[in-house]
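Here's the structure, in structure tokens; my notes come after.
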Amino acid sequence: MKEGESALIAKKLRLLMELRGAGIGDTRVLAAIEKTPREIFVPPSFRDRAYENVALPIGQGQTVSQPFIVALMTEKLDLGERHNVFEIGTGSGYQTAVLARLARRVFTMERHRALLREAEKRFAELRLSNIVARLGDGTKGWREQPPFDRILVTAAARGIPEALKEGLAPGGILVVPVGKERRDQRLMRITRNAQGFVAEDLGPVHFVPLVAGPPRPGGP
Ligand code: SAH
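So the sequence shown is numbered by my numbering: it starts at 392 and just counts up by one.
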């Protein structure tokens with residue numbers, strides 16, 4: 392066992408209790424979080440804080456989401472083991488790894504090359520072979536793959552992205568944080584049924600912005 396490993400396990404168990412207490416009731420989601428070592432998704436200097444229920448910096452001005460938000464979004468996707476999922480905003484790859492435990496295949500897209508490379512190394516280390524990761528602007532969709540059973544956006548969109556809605560299979564679910572200002576973002580769930588789309592507001596959230604196009608030097 393690596394130094395500090397048993398302390399991390401104790402912290403992880405405490406976090407799982409906290410998530411349960413905060414209303415995460417889906418035992419499959421809790422099991423997926425238990426199996427996913429968040430400490431390998433954060434910079435080494437944050438390793439001992441990996442199981443605090445907070446967002447942590449991952450470089451390029453981005454963050455790995457708070458565990459409660461990862462659990463909530465995963466639960467609200469209502470994943471089945473036959474589902475194909477499209478995730479926009481790979482970041483550290485932590486949310487991707489949690490999704491990969493519950494779905495058939497996860498297609499994940501990230502616009503920062505350095506973050507994508509690191510995430511791909513982590514997927515290989517964990518032998519998560521059902522993840523397909525690609526560099527690009529996720530707002531445009533994943534050209535040759537739709538429709539998707541589930542779509543998750545892990546950065547805040549200014550409005551509900553039409554292209555993503557259209558990429559949903561019948562019965563499909565899109566979970567996306569929406570809002571122009573960080574302080575008034577809402578987590579939205581869009582379900583596609585025979586009549587069209589049903590939108591639900593799942594409450595307030597705080598995400599880094601979804602940015603269209605490739606990164607520019609000195610830009611976001
Ligand atoms: N799910 C991530 C959270 C990362 S933060 C995790 O668990 O670590 C959101 C990520 O979305 C950032 O890495 C950011 O670079 C990325 N992003 C923002 N706009 C994007 C876009 N249009 N296409 C793809 N990725 C985008």
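C-beta: ideal position from N, C-alpha, C; glycine also. Since this is a predicted model, take the numbers as computed values, not measurements.
Taking 7 Å as the limit between beta carbons, can you name the residues of its chain near residue i, skipping five residues before and five after?
i	result
H474	A494, R495, D540 and R541
Q457	N444, V445 and A446
L468	R541, L543, I564 and V566
P538	G558, L559, A560 and G563
L406	Y442, N444 and P458
How close, in whole Å, do the beta carbons of residue i and residue j come, if the pair is a contact with beta carbons under 8 Å?
i	j	result
R580	E591	5 Å
A524	T481	6 Å
D439	G395	7 Å
T545	Q486	6 Å
E478	V497	6 Å
R492	T427	7 Å
Return the chain-ordered list of same chain residues with a C-beta closer than 6 Å to the C-beta of residue i, the five sequence neighbours on each side being excluded.
i	result
K403	Y442
A548	V567, V569 and L601
P448	T454
L490	V476 and V497
F437	L447
Taking the C-alpha atoms as reference points, what is the distance between residue i and residue j?
i	j	result
I460	W533	24 Å
L507	G414	31 Å
V596	P435	27 Å
V567	A398	34 Å
T454	E430	14 Å
V589	G550	15 Å
A347	G587	Nothing about residue 347 can be read from this structure; the chain reaches only from 392 to 611.
E557	K531	11 Å
A462	L410	8 Å
N521	R513	13 Å
F598	G529	16 Å
A401	A554	43 Å
M408	L593	22 Å
P552	G527	16 Å
E535	L470	22 Å
E509	L578	27 Å
A585	V433	42 Å
G416	E472	18 Å
Using 7 Å as the cut-off, classify the Cβ of residue i as near or not near the heavy atoms of the ligand NAD, replying yes or no.
i	result
G480	As far as ligands go, the structure on display features the ligand SAH and does not contain the ligand NAD.
Residues in its own chain within less than 8 Å of residue i by CB, not counting five upstream and five downstream?
i	result
T418	none
P611	G452, P600 and V602
E516	I431
G412	none
With a threshold of 8 Å between beta-carbons, can residue i be considered close to chain C, or not?
i	result
F459	Chain labels in this structure do not include chain C; a single protein chain is all it has.
| Are the region 599-610 and the region 500-515 touching by the rule of at least three beta carbon pairs closer than 8 Å? | A contact exists between the region 599-610 and the region 500-515.
| Using 8 Å as the Cβ pair cut-off and three pairs as the minimum, do the region 415-424 and the region 572-592 touch? | As far as the Cβ criterion goes, the region 415-424 does not touch the region 572-592, which means the pair count is below three.
| Hey, which unbroken runs of the alpha helix (DSSP H) at 4 residues or more fall wholly within the region 499-574? | With a minimum length of 4 residues, the continuous alpha helix (DSSP H) runs that stay inside the region 499-574 are 504-516 and 553-557.
| request: Would you mind listing the alpha helix (DSSP H) stretches within the region 397-461 that are 4+ residues and don't spill past its ends, in chain order? | output: DSSP runs (the alpha helix (DSSP H)) wholly in the region 397-461: 418-426.
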